[in-house]
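Going down the list, the protein sequences come from chains A and B.
Using numbering that gives the first Met the number 0, you'd call the opening residue of the first sequence number 0 and step up by one each time.
Using numbering that gives the first Met the number 0, you'd call the opening residue of the second sequence number 0 and step up by one each time.
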Amino acid sequence: MGGGENMSLAVETEKLVKVYGNGKTMVKALDGIDMKVPKASVFGLFGPNGSGKTTLISILVGLLLPTSGSAKVLGFDVTRESVEIRRRVGLLPEGFGFYDHMTALENLVFLATLDGVPSSQREKRALEALEAVGLKDRADAKVSTFSRGMKQRLGVAQSLLKDPELLIFDEPTVGIDPEGAAEFRNLVRKMNRDGKTILLSTHLLYEVGMICTHAAIIREGRLLVQGSVDELYRSVREAKGFRYEIRVKPGSDMPLQEIRSIPSVIEIAQSDNRVTVLSKNDIGSILFSLVTKNPYKDIVESLTPVEPSWEEIYRFYQEGG
Amino acid sequence: MGRDISVLPGGGMRMLKNALSIARKEFADAVTSKRLWLIAGIFLLFSIASTYSTSFGFRIGARQTTRPMVQIASSIASATAYMAPLLGIALAFDAISGERERGTLRILLSRPIYREDVINGKIMSALAVTGLTITISSLAAVSVSILLHNISVTVDDVSRIGLFILFSVVFSFAYYALSLFVSTFSSKSSHSLVISVGIWIFFAFILSIMSSFIATAILGPPPTRALTLFNMSRRQFGNFTTPGGATPQELEEYLNYVRKVSEISGTIQAFSINYHYTQITSSLFSFVAGPLGFGRGEITIASIPTILSTRLIDIIILIVFPIVFLVASYMVFTRRQEK
Ligand SMILES: Nc1ncnc2c1ncn2[C@@H]1O[C@H](COP(=O)(O)OP(=O)(O)OP(=O)(O)O)[C@@H](O)[C@H]1O
Ligand SMILES: [Mg+2]
Numbered sequence: 000m001g002g003g004e005n006m007s008l009a010v011e012t013e014k015l016v017k018v019y020g021n022g023k024t025m026v027k028a029l030d031g032i033d034m035k036v037p038k039a040s041v042f043g044l045f046g047p048n049g050s051g052k053t054t055l056i057s058i059l060v061g062l063l064l065p066t067s068g069s070a071k072v073l074g075f076d077v078t079r080e081s082v083e084i085r086r087r088v089g090l091l092p093e094g095f096g097f098y099d100h101m102t103a104l105e106n107l108v109f110l111a112t113l114d115g116v117p118s119s120q121r122e123k124r125a126l127e128a129l130e131a132v133g134l135k136d137r138a139d140a141k142v143s144t145f146s147r148g149m150k151q152r153l154g155v156a157q158s159l160l161k162d163p164e165l166l167i168f169d170e171p172t173v174g175i176d177p178e179g180a181a182e183f184r185n186l187v188r189k190m191n192r193d194g195k196t197i198l199l200s201t202h203l204l205y206e207v208g209m210i211c212t213h214a215a216i217i218r219e220g221r222l223l224v225q226g227s228v229d230e231l232y233r234s235v236r237e238a239k240g241f242r243y244e245i246r247v248k249p250g251s252d253m254p255l256q257e258i259r260s261i262p263s264v265i266e267i268a269q270s271d272n273r274v275t276v277l278s279k280n281d282i283g284s285i286l287f288s289l290v291t292k293n294p295y296k297d298i299v300e301s302l303t304p305v306e307p308s309w310e311e312i313y314r315f316y317q318e319g320g
Numbered sequence: 000m001g002r003d004i005s006v007l008p009g010g011g012m013r014m015l016k017n018a019l020s021i022a023r024k025e026f027a028d029a030v031t032s033k034r035l036w037l038i039a040g041i042f043l044l045f046s047i048a049s050t051y052s053t054s055f056g057f058r059i060g061a062r063q064t065t066r067p068m069v070q071i072a073s074s075i076a077s078a079t080a081y082m083a084p085l086l087g088i089a090l091a092f093d094a095i096s097g098e099r100e101r102g103t104l105r106i107l108l109s110r111p112i113y114r115e116d117v118i119n120g121k122i123m124s125a126l127a128v129t130g131l132t133i134t135i136s137s138l139a140a141v142s143v144s145i146l147l148h149n150i151s152v153t154v155d156d157v158s159r160i161g162l163f164i165l166f167s168v169v170f171s172f173a174y175y176a177l178s179l180f181v182s183t184f185s186s187k188s189s190h191s192l193v194i195s196v197g198i199w200i201f202f203a204f205i206l207s208i209m210s211s212f213i214a215t216a217i218l219g220p221p222p223t224r225a226l227t228l229f230n231m232s233r234r235q236f237g238n239f240t241t242p243g244g245a246t247p248q249e250l251e252e253y254l255n256y257v258r259k260v261s262e263i264s265g266t267i268q269a270f271s272i273n274y275h276y277t278q279i280t281s282s283l284f285s286f287v288a289g290p291l292g293f294g295r296g297e298i299t300i301a302s303i304p305t306i307l308s309t310r311l312i313d314i315i316i317l318i319v320f321p322i323v324f325l326v327a328s329y330m331v332f333t334r335r336q337e338k
């Protein structure tokens with residue numbers, strides 16, 4: 000995705016500012032956000048507590064008004080056309096709740112009514128949504144009997160009712176068990192395969208980081224970086240070096256002189272049958288041609304570039320890039 | 000900064016549809032709530048019990064009346080004066096704050112609807128619930144009294160009861176609107192409940208007590224000699240023509256004092272919606288409710304048109320009050336932002 004082209008963007012914000020309160024207690028929650036979410040991407044919005052994720056998301060669906068700046072979601076303006084946005088966007092808000100005295104199915108059917116789902120299809124849609132989050136067998140149970148994780152799943156279910164083009168999830172895996180988180184990732188992958196755009200915010204990078212195709216890192220109301228995951232990997236590598244892992248056969252000794260002599264290599268670490276190489280530049284192809292010839296050919300089992308972890312990327316940008 | 004405007008072509012119908020969907024759910028919630036049945040039950044008990052003391056009066060002949068139904072209705076009215084506001088508050092205090100507290104408001108507002116739809120739906124449902132509850136429980140109280148006390152009902156009685164029900168619904172709805180307003184800006188339902196009930200207690204009890212205090216404070220204590228004499232004469236069943244030593248001037252002085260007290264306290268109480276409601280219902284059922292209950296007795300009942308015209312100001316205030324608070328709730332709620 001090249002960005003810039005309006006048609007290819009699901010979300011585009013320009014100099015978005017949000018100030019809470021007035022007079023003495025002013026909080027600048029968003030401080031000039033320019034965010035571009037490409038269509039058909041899984042976009043992660045990562046940032047610590049209080050960085051402005053929920054504020055940004057709330058503006059995108061028209062729950063909050065921006066103090067200044069503008070934003071378009073699926074081509075609609077957030078201040079003037081928020082109903083059109085909500086017709087096409089499914090939201091899992093932060094701190095949501097359901098009507099406890101009603102069953103899961105009753106809740107969803109009621110919400111589907113407001114989503115404009117024709118009455119003949121409401122129950123079917125509601126059951127499909129419950130199925131998608133693994134709650135179908137609890138359809139007729141009152142929400143008051145649900146565990147926290149089940150409520151979170153129901154929260155995801157309600158965002159699917161209108162069959163939205165764009166899904167926005169605020170902290171989707173909070174309170175969900177590891178299996179639930181894995182199921183959620185599968186659901187997101189499946190929806191993404193179906194062509195839907197997914198924007199999700201979290202500070203739990205390890206839970207959803209791996210499904211993102213794009214990401215932005217936010218801190219104190221400012222985007223520190225955004226782009227495709229490959230771009231982010233690359234810039235972190237460029238700053239912190241490229242890391243490779245060479246696995247050698249147990250018991251064999253790996254000669255390191257030749258690798259050490261590659262000019263951009265900064266550091267070599269060896270432990271058991273693993274050699275880690277850190278280099279300033281991309282030396283993937285050099286290393287490859289090296290390990291495929293003698294004497295390495297018979298010793299080396301594998302050579303893999305080590306991608307920076309999300310924690311690493313996150314820390315890198317939070318610490319100022 | 001402009002917000003979405005809902006007057007797009009076809010928007011009106013869609014808006015009504017969404018508001019009706021919300022109203023339907025709200026109505027179902029209300030009629031299945033313990034709260035509503037508790038209030039309706041207390042109201043029935045309260046009004047039937049008070050009709051007993053009235054009918055006991057008929058039997059011992061102390062208060063022979065030509066209009067037993069009117070007497071009975073007036074005791075039902077005294078129960079309504081307490082229960083109608085509580086009904087309104089019960090429906091409203093958590094209407095918005097409760098949804099905010101539980102996080103359902105966010106879920107609602109992430110649908111393709113307007114904030115107006117949410118509040119419109121709630122108001123529609125509340126109108127239906129207050130209307131039905133007050134109508135059904137008043138009619139139930141009237142029917143039970145008719146059966147228990149074996150009294151006959153005239154067409155005029157029926158019209159009075161009809162008007163009474165109408166004004167009671169408006170009165171209940173006035174408290175609904177007031178409490179809804181409190182609820183729109185509260186983030187906690189408990190706060191909203193305390194504030195709403197506090198306002199009710201103020202209007203229903205404190206203001207009337209305060210008003211006589213203030214009146215006495217302004218006018219000073221009553222003329223003492225006149226008071227003693229008056230009390231003596233009152234003990235002889237209100238026979239003013241045997242003053243037992245009081246001169247006509249002294250009596251006149253005292254009555255003037257009483258008139259002034261009731262004027263001042265009436266002015267102060269005019270701030271209370273309860274006062275206006277009571278003025279209307281007491282005219283309908285013809286007992287005079289002054290601060291001292293002064294002058295209660297065999298008065299001929301004013302005709303309905305006369306009542307409507309003499310109580311016009313009270314009626315207007317009763318109707319304007321909920322409108323003001325509905326508009327205020329509307330303005331606060333639709334302009335609020337919800338994260
Ligand atoms: N209603 C409010 N009034 C005043 N300040 C607020 C309000 N809501 C949020 N803030 C402030 O705005 C900033 C951003 O808050 P926001 O909820 O958007 O952060 P977040 O990234 O979603 O955090 P978390 O990860 O904890 O959910 C914080 O400094 C917060 O204190
Ligand atoms: Mg948040």
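Every residue gets a Cβ at the ideal spot worked out from N, C-alpha and C, and that includes glycine.
Per-residue contacts from residue i into chain C (C-beta, under 8 Å)
| i | result |
| --- | --- |
| Lys338 (chain B) | The structure shown contains no chain C; its protein chains are A and B. |
Helix, strand or coil at residue i [DSSP, three-state]
| i | result |
| --- | --- |
| Pro37 (chain A) | strand |
| Glu122 (chain A) | helix |
| Gln336 (chain B) | coil |
| Val155 (chain A) | helix |
| Lys161 (chain A) | coil |
| Pro294 (chain A) | coil |
| His202 (chain A) | coil |
| Ala268 (chain A) | strand |
| His213 (chain A) | strand |
| Val305 (chain A) | strand |
| Leu286 (chain A) | helix |
| Ser351 (chain A) | Within the shown structure, residues of chain A are numbered from 0 to 320, placing residue 351 (chain A) beyond reach of any answer. |
| Glu345 (chain A) | No statement about residue 345 (chain A) is possible, as the shown extent of chain A runs from 0 to 320 and does not include it. |
| Thr280 (chain B) | helix |
| Glu80 (chain A) | coil |
| Lys91 (chain A) | For the sequence presented, residue 91 (chain A) should be read as Leu rather than Lys. Of the three classes helix, strand and coil, the one that applies to Leu91 (chain A) here is strand, per DSSP. |
| Tyr243 (chain A) | strand |
| Arg273 (chain A) | strand |
Backbone CA spacing between residue i and residue j [nearest angstrom]
| i | j | result |
| --- | --- | --- |
| Val141 (chain B) | Ile160 (chain B) | 9 Å |
| Ile298 (chain B) | Thr246 (chain B) | Low confidence applies here, because Ile298 (chain B) scores a pLDDT of 48, under 50, leaving its location unreliable and the question unanswered by this model. |
| Gln70 (chain B) | Ser282 (chain B) | 12 Å |
| Ile263 (chain B) | Ile122 (chain B) | 36 Å |
| Arg99 (chain B) | Thr78 (chain A) | 22 Å |
| Pro290 (chain B) | Asn255 (chain B) | Low confidence applies to Pro290 (chain B): its pLDDT is 41, below 50, so where it sits in the model is not reliable enough to give any reading. |
| Val235 (chain A) | Gly89 (chain A) | 33 Å |
| Val143 (chain B) | Thr50 (chain B) | 10 Å |
| Leu19 (chain B) | Thr112 (chain A) | 11 Å |
| Gly283 (chain A) | Asp193 (chain A) | 34 Å |
| Ile318 (chain B) | Ala173 (chain B) | 8 Å |
| Gly296 (chain B) | Ser73 (chain B) | With a pLDDT of 45 at Gly296 (chain B), under the threshold of 50, the modelled position of this residue cannot be trusted, and the question is left open. |
| Ser302 (chain B) | Ser328 (chain B) | 37 Å |
| Leu147 (chain B) | Ile112 (chain B) | 51 Å |
| Val155 (chain A) | Ala39 (chain A) | 19 Å |
CB-CB length for residue i against residue j, believed under 8 Å
| i | j | result |
| --- | --- | --- |
| Pro65 (chain A) | Leu15 (chain A) | 5 Å |
| Ala80 (chain B) | Asn273 (chain B) | 7 Å |
Neighbour list for residue i in chain B, Cβ cutoff strictly below 7 Å
| i | result |
| --- | --- |
| Asp114 (chain A) | Arg110, Pro111 |
| Leu90 (chain A) | Ser109 |
| Gln157 (chain A) | Ile106 |
Interface partners of residue i on chain B, CB under 8 Å
| i | result |
| --- | --- |
| Arg337 (chain A) | The question about residue 337 (chain A) has no answer here: the residues shown for chain A are numbered 0 through 320. |
| Gln269 (chain A) | Under the 8 Å cutoff, chain B gives no residues; its nearest Cβ is about 52 Å from Gln269 (chain A). |
Cross-chain neighbours of residue i in chain A, by beta carbon under 7 Å
| i | result |
| --- | --- |
| Lys24 (chain B) | Phe109 |
| Gly97 (chain B) | None at all; the shortest Cβ gap to chain A is about 10 Å. |
| Arg101 (chain B) | Gly96 |
| Ser20 (chain B) | Thr112, Leu113 |
| Asn255 (chain B) | Here the premise fails: no neighbours, minimum Cβ distance about 54 Å. |
| Asn17 (chain B) | Leu113 |
Chain-ordered neighbours of residue i on chain A, where CB pairs are closer than 9 Å
| i | result |
| --- | --- |
| Arg105 (chain B) | Ser57, Leu62, Leu90, Pro92, Glu93, Gly94, Phe95, Gly96 |
9 Å Cβ cut-off: residues of chain B touching residue i
| i | result |
| --- | --- |
| Val72 (chain A) | What Val72 (chain A) touches in chain B: nothing, since even the nearest Cβ is about 13 Å away. |
field: For review: beta carbons within less than 6 Å of any heavy atom in ligand 1
entry: A:Tyr19, A:Gly20, A:Val26, A:Ala28, A:Gly46, A:Asn48, A:Gly49, A:Ser50, A:Gly51, A:Lys52, A:Thr53, A:Thr54, A:Glu93, A:His202, B:Lys338
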